[in-house]
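K.L.:
Numbering (my numbering), first residue to last: 1 to 209.
Before we start, here is the structure in question, set down as structure tokens.
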């Protein structure tokens, strides 16, 4: 058996939730996956933050793949022991892309400023800026996207979408919230679990509003 271990650092809390766990993979499955060259080298993670940009929709490739991309800003919350209070830590910016069937649903559900949870595989994108300097950005191809209902109220539309909607999404005004999309809860009404400093040494889980 091959074992992968994850550990949560003491200083880090929400928005990125880290869990201390042990994942055991049978040796035969591990070897087979490496032989195929699939699945074992992709860095999947979950990011909790806010939509920090407008939705950018485009068609790419010879097949005409439909892609919508947006930026997620995820700011850590750290406990200042000297002042016994929570403060904002560093902010992680990730460019998220959603492909094909997910595009019209994401556009119809989310807009700039909304609290969001995204899950997918991370990769770096290398490019040359206007000054000729090589730059790298962190990007994610999303496998799952949704509103963070600990910080907003969301209504679920369970109607099956028409097949044509998978190819053509309606043009939306970025200032207009689509019907049935997430509604942000005022900060004072949102749940707040930051009353006491969490003990992360035993639980391995850090969660803060």
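Beta carbons: idealized from backbone N, C-alpha and C, even for Gly.
As the structure is a prediction and not an experimental result, all values here were calculated from the model.
(1) Tell me, to the nearest whole angstrom, how far the beta carbon of residue 41 is from that of residue 120; I am working on the premise that it is less than 8 angstroms.
(2) When we look at the beta-carbon of residue 103 and count the other beta-carbons within 10 Å, is it buried (16 or more) or exposed?
(3) CB residue 57 to CB residue 107, shorter than 8 angstroms?
(4) Buried or exposed: which applies to residue 142, given that a residue is buried once 16 or more other Cβ atoms fall within 10 Å of its Cβ?
(5) Since residue 56 sits in a beta bridge, which residues does DSSP pair it with?
(6) By the DSSP assignment, the alpha helix (DSSP H) with residue 101 in it spans what residues?
(7) DSSP state of residue 85, grouped into three classes?
(8) Please name the residue or residues paired with residue 126 in a DSSP beta bridge.
(9) For the candidate residues 64, 48 and 72, whose alpha-carbon lies nearest to that of residue 55?
P.N.:
If we stick to the structure as given:
(1) Within the chain shown, the letter at position 41 stands for residue 41. Within the chain shown, the letter at position 120 stands for residue 120. The distance from the Cβ of residue 41 to that of residue 120 is about 15 angstroms, inconsistent with a contact at the 8 angstroms cut-off.
(2) As a working mapping, residue 103 is identified with position 103 in the chain shown. Buried, by the Cβ-count rule.
(3) Here residue 57 corresponds to residue number 57 of the chain shown, with the count starting at 1. Here residue 107 corresponds to residue number 107 of the chain shown, with the count starting at 1. Note that the C-beta distance between residue 57 and residue 107 is below 8 angstroms.
(4) Mapped onto the chain shown, residue 142 falls at position 142. Buried, since its Cβ has 16 or more Cβ neighbours within 10 Å.
(5) By one-based count along the chain shown, residue 56 stands at place 56. According to DSSP, which records beta bridges pairwise, residue 56 is partnered with 69.
(6) Position 101 of the chain shown, counting from 1, holds the residue named residue 101. Here the alpha helix (DSSP H) through residue 101 covers 101-109.
(7) The residue given as residue 85 occupies position 85 in the chain shown. DSSP places residue 85 in strand when its eight states are reduced to three.
(8) Residue 126 sits at position 126 when you count from the first residue of the chain shown. Answer is 136, bridged to residue 126.
(9) Here residue 55 refers to the residue found at position 55 when the chain shown is read from its first residue. Closest option to residue 55, Cα to Cα, is 72.
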